[in-house]
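Report on one structure; see the data block that follows.
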């Protein structure tokens, strides 16, 4: 059964590629982490496919490449990739730096201004258009052509997401989808079989069977659940649903899947110039999202912001949340209870998950462009993808790496098919919005979404006004 599931995944990813090509126009979340962490490949043990191969000796005249990422969960895997790379290229040392999400992007922007940005850094679809327009990252297409990089080795369509006006700004490293994360002990105590997630429903009017399940999992201090007429929403001791916050302009792990399953779409596709935040389908979705807080089924925005949604689940304060596949290890490794991963509910327009991909980009001001390229090429190679896959943290952009991630989780008895099956469904995913003016759009939409989730403004009115401001950016 496991082998068949993996086979179906590989076939399905090829089918998914057809969708990505169709959406790709011209040609996938972040870890909150902590303080910056740094390591050098020259002093680490090299690893290939999870095997140690001894100390790595760098050449006396070696150059050093700084490589920055935000996901602390992936840092060990990329340190292993860096060690393997230096073992094969002793004239290049790779220093791996890790910052939490907010600090990460601040450090990148500060580095661009000061001229001290890392040579190579993990890039995001929401960020790279601005970097490309400002000529802060390098067009690597000449390198790709000169070295004959096989772009077909990546899951079809992923490589094309990083092309703007014929210039390529990254090679794919991984992809992600969204699913439901749940505390199995809490479901058992409520008499809920996780199998309900196979076909549960959602709508913005009454929340469908999804909200019914959330209500059943919400408990007050007297043991009443959210369906009881005696339920006291002012004294909740267990939330049925931990939302992921206001979500800003994309709502990747927060509301995008609900909105898309209600028929909402951000734009008409990559590099288009009109947004549809004023679609009533989004306002309806957000009204429902906020209603969970008002009913006492979910915590307020302040609690989620200060404590963190992952920590609220891990500490046993909530039964379910929606989160990205890159967080699988965080929940599994840090929870004292059995964690499960279930499918998103089916909305009026079907079951939908945002599909996102990451890539590595080269800083335009690097003093070592050739060495930086060699590292980017290796980091996007099957060898590094397999090392990353053996960590089980994310789904690499190369199928052999995906197979290894699945093998790791299968070996742990952890079913992550809720993430992969969503990617298999040709109608089950939609792309992260890819357009110019990302920073400006975020500056407009982030405070608006905060105000909506805080209940300070009417969603439909606020979204109408914000959408006009967003679309004015493209005039």
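Residue numbers (this note's numbering): 1149 to 1623. Ideal Cβ placement from N, Cα and C applies to all residues, glycine included.
Check your understanding: Taking buried to mean at least 16 other C-beta atoms within 10 Å of its own C-beta, is residue 1182 buried or exposed?
Key -> Reliability fails at residue 1182, whose pLDDT of 40 lies under 50, so the model's placement of it is uncertain and the value that follows must be treated cautiously. Exposed.
Check your understanding: Can you list, in chain order, the residues of its chain whose CB lies under 8 angstroms from that of residue 1610, leaving out five sequence neighbours each side?
Key -> 1596, 1599 and 1600
Check your understanding: Does the beta-carbon distance from residue 1634 to residue 1237 come in below 8 angstroms?
Key -> With the chain represented from 1149 up to 1623, any question about residue 1634 goes unanswered, as that position is not in the structure.
Point to revise | Among 1567, 1324, 1356 and 1371, nearest to residue 1544 - alpha-carbon criterion | key: 1324
Point to revise | Three-way DSSP call (helix, strand, coil) for residue 1495 in this model | key: DSSP places residue 1495 in strand when its eight states are reduced to three.
Point to revise | Straight-line gap, residue 1594 to residue 1250 (C-alpha atoms, nearest Å) | key: Roughly 14 angstroms separates the two Cα atoms.
Review point. Taking the alpha helix (DSSP H) that residue 1459 falls in, what are its first and last residues?
Key: 1457 to 1462
Check your understanding: Could you give the distance in angstroms between the alpha-carbon of residue 1380 and the alpha-carbon of residue 1532?
Key -> Each residue's alpha carbon lies about 52 angstroms from the other.
Check your understanding: Any idea what DSSP makes of residue 1272, helix, strand or coil?
Key -> strand
Review point. Secondary structure at residue 1578, three-state DSSP: helix, strand or coil?
Key: Note: residue 1578 maps to strand in three-state DSSP.
Exercise for review: Give me whichever residues DSSP pairs with residue 1323 in a beta bridge.
Suggested key: BP columns for residue 1323 point to 1505 and 1543.
Review point. Alpha carbon to alpha carbon, how far is residue 1425 from residue 1605?
Key: 15 angstroms
Check your understanding: Taking all protein chains shown into account, do 16 or more other C-beta atoms lie within 10 angstroms of the C-beta of residue 1571, making it buried, or fewer, making it exposed?
Key -> buried
Check your understanding: Using 8 angstroms as the Cβ pair cut-off and three pairs as the minimum, do the region 1475 to 1488 and the region 1291 to 1301 touch?
Key -> no
Check your understanding: Where residue 1268 and residue 1476 are concerned, what is the direct C-alpha to C-alpha distance, given to the nearest angstrom?
Key -> 26 angstroms
Review point. In chain order, which alpha helix (DSSP H) runs of at least 4 residues are fully inside the region 1295 to 1380?
Key: 1332 to 1337 and 1356 to 1365
Check your understanding: Hey, residue 1507 and residue 1321 are a contact pair by Cβ (cut 8 angstroms); roughly how many whole angstroms apart?
Key -> 6 angstroms
**Study point:** Buried/exposed call for residue 1418, threshold 16 Cβ in 10 Å
**Key:** buried
Check your understanding: Per DSSP, residue 1251 forms a beta bridge with which residues?
Key -> Answer is none; residue 1251 lacks a bridge partner.
Point to revise | Start-to-end residues for the beta strand (DSSP E) that takes in residue 1605 | key: Counting along the chain, residue 1605 falls outside any beta strand (DSSP E), and DSSP gives it neither H nor E.
Point to revise | Cβ neighbour criterion (16 or more within 10 Å) applied to residue 1534 | key: Its Cβ being crowded by 16 or more others within 10 Å, residue 1534 is buried.
Exercise for review: State buried or exposed for residue 1172, treating a residue as buried only when at least 16 other CB atoms are found within 10 Å of its CB.
Suggested key: For residue 1172, the predicted model reports a pLDDT of 38, less than 50, meaning its position is unreliable; a value from the coordinates is still stated below. Buried, by the Cβ-count rule.
Check your understanding: How big is the Cα-Cα spacing for residue 1314 and residue 1308?
Key -> Cα to Cα, residue 1314 sits roughly 10 angstroms from residue 1308.
Point to revise | Where residue 1427 falls, given that 16 or more other Cβ within 10 Å makes a residue buried | key: buried
Review point. Apart from the five residues just before and just after residue 1198, which ones in its own chain have a Cβ nearer than 6 angstroms to its Cβ?
Key: With a pLDDT of 36 at residue 1198, under the threshold of 50, the modelled position of this residue cannot be trusted, and the question is left open.
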